[in-house]
Amino acid sequence: MAPTLQYFLLMLGSSLGVYQLGAAAGNFRGLWFFPRLGLTYLGGFAILGATYIWFFTCADLKMNANDGEVEGFEQLYLFLAGAALALVVTYLVSSVVNYRWVKADGDPVIGKGLEDLKWHTVFHAIAYRWRNRKRGK
Amino acid sequence: MTAPDSGISEWLTGLVGKCSVCDHLIGFIANDFFMPVTMSMVMLFLWFGIRNPVQRKRIHYGVMCAAGSLGFANLAVHISNRVVEFDPWARPFEVHESAHRAAETLFYFPHDPSFPSNAAACTFGAAFGLLFYHRKASIPLFAIAVLFCFSRVYAGIHYPLDILGGAAIGFGIALFTYGLMRFLWWLPDFFYAAARKVYLA
Chain A
0 MAPTLQYFLL MLGSSLGVYQ LGAAAGNFRG LWFFPRLGLT YLGGFAILGA TYIWFFTCAD
60 LKMNANDGEV EGFEQLYLFL AGAALALVVT YLVSSVVNYR WVKADGDPVI GKGLEDLKWH
120 TVFHAIAYRW RNRKRGK
Chain B
0 MTAPDSGISE WLTGLVGKCS VCDHLIGFIA NDFFMPVTMS MVMLFLWFGI RNPVQRKRIH
60 YGVMCAAGSL GFANLAVHIS NRVVEFDPWA RPFEVHESAH RAAETLFYFP HDPSFPSNAA
120 ACTFGAAFGL LFYHRKASIP LFAIAVLFCF SRVYAGIHYP LDILGGAAIG FGIALFTYGL
180 MRFLWWLPDF FYAAARKVYL A
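Line by line, the protein sequences give chains A and B. Under numbering that gives the first Met the number 0, the first residue of the first sequence is numbered 0, with each subsequent residue one higher. Under numbering that gives the first Met the number 0, the first residue of the second sequence is numbered 0, with each subsequent residue one higher.
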């Protein structure tokens, strides 16, 4: 596997795990992949740990970051790409998994950005915001 | 020319080979991936992992400052190495036999100048950037920076002075980034508002 692809997958996998850990610590239930807090922590650690173990046992750790293997700026954009894709995956999966858990018209805390995700999934929050905009609220 | 503190480097790299567990561990810490990736992951975790909205907002601005400092520090070292071509002394592994053996065992032989340490500038830049907004949250970043930089000296890649120089650049750049964020206050505010729209802040 190409070193750049390996590095991208490292960023993608570890970001996915860290988003779960962050969502658990911040109590953003709308981002959880798992039904309980403990499971979300466990799942986050498992995703992060598995990705780290895979990368750091498979990759050539002595590859020279300045010699065209995975250069410094390449590391930056691969990190940004991996973290962004992981965020999209987190939004999609958590919205599907938690579809039945929240009511779109439930808690009124909407319009406060990330805070909304304590009681809503991303899809619900967007749908709620969109409906209110159409109603002119 | 050798660095004034080359004796410390010679002594420290002389320890390589005496404890294989320590060598494996420090070699693992020294590589180009483990600590930088872990530092990024700590910042991502801090972005989402705070329950209190007021504290979280401070951390978000701190992480923006840390990320900006990291980028500017990288650029500053790049300018020093490639544009100004400031290269006061050779790498430790080019001068001392023990450092050569250490670098061969634990790392590889980089070609860019020894001073200042890019690793120190970037990691300390990020840590100081976060420190200006949230003292407690910056502790893990400082721990990562110290471990990473120590491992680079142990691996015969840098002299302690390279690390100190890099850390000083990191501090200066973080201060500059903090000032820039205060002066151009509308820019981080704009990013924050945009992030709120997509449930990132």
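Note that CB positions come from ideal geometry on N, CA and C, so glycine has one too.
### Message
Does chain A have any CB closer than 8 Å to the CB of VAL15(B)?
### Response
no
### Message
Do ALA154(B) and ALA102(B) have their beta-carbon atoms positioned less than 8 Å apart in this structure?
### Response
yes
### Message
What does the alpha-carbon distance come out to for the pair ASN80(B) and LEU79(A)?
### Response
25 Å
### Query
Among TYR98(A), LEU84(A), THR56(A), PHE33(A), which residue has its Cα nearest to the Cα of PHE32(B)?
THR56(A)
### Cβ neighbours of ALA166(B) in the same chain (closer than 6 Å, five flanking residues each side left out)
ALA119, PHE123
#### Entry: Nearest-angstrom Cβ-Cβ length linking PHE207(B) and ALA29(B), presumed shorter than 8 Å
What the structure shows of chain B is the stretch from 0 to 200, and residue 207(B) is not part of that stretch, so it cannot be assessed.
#### Entry: Residue from VAL82(B), CYS64(B), ILE156(B) with nearest C-alpha to GLY128(B)
CYS64(B)
### Message
Just to make sure I have the definition right: I need the residues of chain A whose C-beta is within less than 8 Å of the C-beta of MET38(B). Which are they?
### Response
Those do not exist, as MET38(B) stays about 11 Å from chain A at its closest Cβ, beyond 8 Å.
### Query
With ILE172(B) and ALA98(B) assumed to form a contact (beta carbons below 8 Å), what rounded beta-carbon distance in angstroms separates them?
Contact flag wrong, Cβ pair sits at about 28 Å.
### Beta-carbon proximity check, VAL17(A) vs MET40(B), cutoff 8 Å
yes
### Query
In terms of residues, what are the limits of the alpha helix (DSSP H) holding PRO75(B)?
Inspection of the sequence shows that residue 75(B) is occupied by Ala rather than by Pro. ALA75(B) -> alpha helix (DSSP H) spans 52 to 77.
### Query
Rounded to the nearest angstrom, how far is the Cβ of PHE152(B) from that of LEU14(B), given a contact under 8 Å?
According to the sequence displayed, residue 152(B) carries Val and not Phe. About 11 Å separates the two Cβ atoms, so there is no contact after all.
### Query
Along chain B, in chain order, which residues have C-beta atoms closer than 8 Å to that of PHE27(A)?
PHE47
### Query
Does the separation of the CB atoms of ALA22(A) and LEU30(A) fall below 8 Å?
yes
### Task
Pull up the distance between the alpha-carbon of ALA89(B) and that of PHE54(A), whole angstroms please.
32 Å
### Buried or exposed by the 16-neighbour rule on C-beta atoms within 10 Å, applied to MET180(B)
buried
### Message
In the DSSP assignment, the alpha helix (DSSP H) including PRO175(A) goes from what residue to what residue?
### Response
Absent from the model: residue 175(A). The displayed extent of chain A is 0 to 136, so no value can be given.
### Endpoints, the alpha helix (DSSP H) within which ASP188(B) is located
185 to 196
### Message
Would ARG151(B) pass as an interface residue toward chain A - the criterion being a Cβ-Cβ separation below 8 Å?
### Response
no
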